[in-house]
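Protein chains in written order, with the numbering used here: chain A, 1 to 116; chain B, 117 to 223.
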């Protein structure tokens with residue numbers, strides 16, 4: 001049973017380009033969460049999605065960031081017109097049940113975005 | 117306000133030492149998680165606890181719900197324990213995370 005799969009693991013973009021980060025949750029998990037980890041900071045919530053629905057995007061910047069979790073395929077976090085401040089590690093987590101979820105939390109390996 | 121504080125921020129220990137990492141939070145919670153993150157690596161769940169104490173190998177986690185405090189102990193520390201240790205708790209649709217304790221165990 002594969003864990004949470006994220007790709008790419010590392011992504012380099014120039015300012016103004018687009019970044020697309022993908023997350024396939026664990027088998028049987030239909031709840032996906034995206035978190036951002038800035039250097040020297042803790043993980044910060046960005047968005048919570050279920051299949052085809054954005055449930056909570058309260059942590060997502062209002063501009064340039066979007067997320068989706070289509071019926072088929074992985075969840076995608078999209079950052080348009082990247083800026084240097086977007087450089088961070090982006091982690092995806094998944095759970096089998098809806099929040100508040102008190103079971104084990106399953107994370108992917110993260111996608112590390114560097115903006116030049 | 118959901119806040120999680122960890123101490124110390126950085127910790128260096130000699131191999132074999134007993135290690136304690138502390139986590140304090142500001143709101144009532146149902147469960148607390150301890151996570152491990154290796155440099156450049158993913159995040160792995162170590163413990164989820166809602167009361168008392170849990171042990172897994174050389175790792176022990178305790179929580180005092182009334183005092184809003186949890187500790188992670190590592191007995192007989194080893195260089196492979198070098199990592200960042202993070203505590204977190206669920207609230208609403210998200211988890212709130214501490215900034216982590218960076219542990220280095222020197223042979």
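Where is the CB? At the ideal position from N, CA and C, for every residue including glycine.
No experiment lies behind these values; they were computed from the predicted model shown.
Given residue i, which residues of its chain have a CB within under 6 Å of its CB, disregarding the five upstream and five downstream residues?
i: residue 16 of chain A; result: 81
i: residue 116 of chain A; result: 14
i: residue 60 of chain A; result: 46, 47
i: residue 176 of chain B; result: 189
i: residue 185 of chain B; result: 140
i: residue 119 of chain B; result: 142
Could you please give the first and the last residue of the uninterrupted beta strand (DSSP E) stretch that includes residue i?
i: residue 134 of chain B; result: Unbroken run through residue 134 of chain B: none, as it is neither H nor E.
i: residue 16 of chain A; result: From DSSP, residue 16 of chain A is part of no beta strand (DSSP E); its letter is neither H nor E.
i: residue 152 of chain B; result: 148-153
i: residue 68 of chain A; result: 65-68
i: residue 239 of chain B; result: Residue numbering for chain B in the displayed model covers 117 to 223; residue 239 of chain B lies beyond these limits and cannot be assessed.
i: residue 121 of chain B; result: 120-123
Residue i to residue j, Cα distance in whole Å?
i: residue 107 of chain A; j: residue 73 of chain A; result: 18 Å
i: residue 36 of chain A; j: residue 144 of chain B; result: 24 Å
i: residue 205 of chain B; j: residue 65 of chain A; result: 25 Å
i: residue 30 of chain A; j: residue 103 of chain A; result: 14 Å
i: residue 113 of chain B; j: residue 174 of chain B; result: Nothing about residue 113 of chain B can be read from this structure; chain B reaches only from 117 to 223.
i: residue 129 of chain B; j: residue 50 of chain A; result: 43 Å
i: residue 41 of chain A; j: residue 7 of chain A; result: 22 Å
i: residue 221 of chain B; j: residue 63 of chain A; result: 42 Å
i: residue 122 of chain B; j: residue 203 of chain B; result: 8 Å
i: residue 57 of chain A; j: residue 170 of chain B; result: 34 Å
i: residue 4 of chain A; j: residue 142 of chain B; result: 30 Å
i: residue 85 of chain A; j: residue 214 of chain B; result: 21 Å
i: residue 197 of chain B; j: residue 152 of chain B; result: 9 Å
i: residue 125 of chain B; j: residue 219 of chain B; result: 9 Å
i: residue 19 of chain A; j: residue 183 of chain B; result: 43 Å
i: residue 109 of chain A; j: residue 99 of chain A; result: 22 Å
i: residue 101 of chain A; j: residue 43 of chain A; result: 17 Å
Counting only the same chain and skipping the five closest in sequence on each side, list residues whose C-beta sits under 7 Å from that of residue i.
i: residue 70 of chain A; result: 52
i: residue 154 of chain B; result: 199
i: residue 32 of chain A; result: 23, 25, 49, 69, 75, 92, 94
For residue i, which residues in the same chain have their Cβ closer than 8 Å to its Cβ, ignoring the five residues on either side in sequence?
i: residue 166 of chain B; result: 146, 147, 148, 179, 181
i: residue 114 of chain A; result: 10, 11, 12, 13, 87
i: residue 67 of chain A; result: 34, 46, 47, 49, 54, 57, 60, 75, 76, 77, 78
- Message: Under 8 Å: do the region 84-94 of chain A and the region 15-34 of chain A share three or more Cβ pairs, one atom per stretch?
- Response: yes
- Report the residues of the region 21-45 of chain A with a CB closer than 9 Å to any CB of chain B, ordered along the chain. 33, 35, 37, 40, 41, 42, 43, 44, 45
- Message: Is it the case that the region 119-138 of chain B contacts the region 155-164 of chain B, given that we only count it when at least three CB pairs across the two stretches are under 8 Å?
- Response: no
- Task: Anything in the region 46-57 of chain A with a Cβ closer than 8 Å to a Cβ of chain B? List those residues in chain order, please.
- Result: 48, 55, 56
- Taking Cβ-Cβ distances below 8 Å as the criterion, which residues of the region 151-173 of chain B are in contact with chain A? 151, 156, 157, 158, 159, 160, 161, 164, 166
- Message: Short of 7 Å Cβ to Cβ, which residues in the region 134-151 of chain B face chain A?
- Response: 146, 147, 149
- Message: By the 8 Å beta-carbon criterion, what residues does the region 188-209 of chain B contribute toward chain A?
- Response: 202, 204, 206, 207, 208, 209
- If contact means a Cβ-Cβ distance below 9 Å, which residues of the region 90-109 of chain A contact chain B? 91, 93, 98, 99, 100, 101, 102, 103, 104, 105, 106, 107, 108, 109
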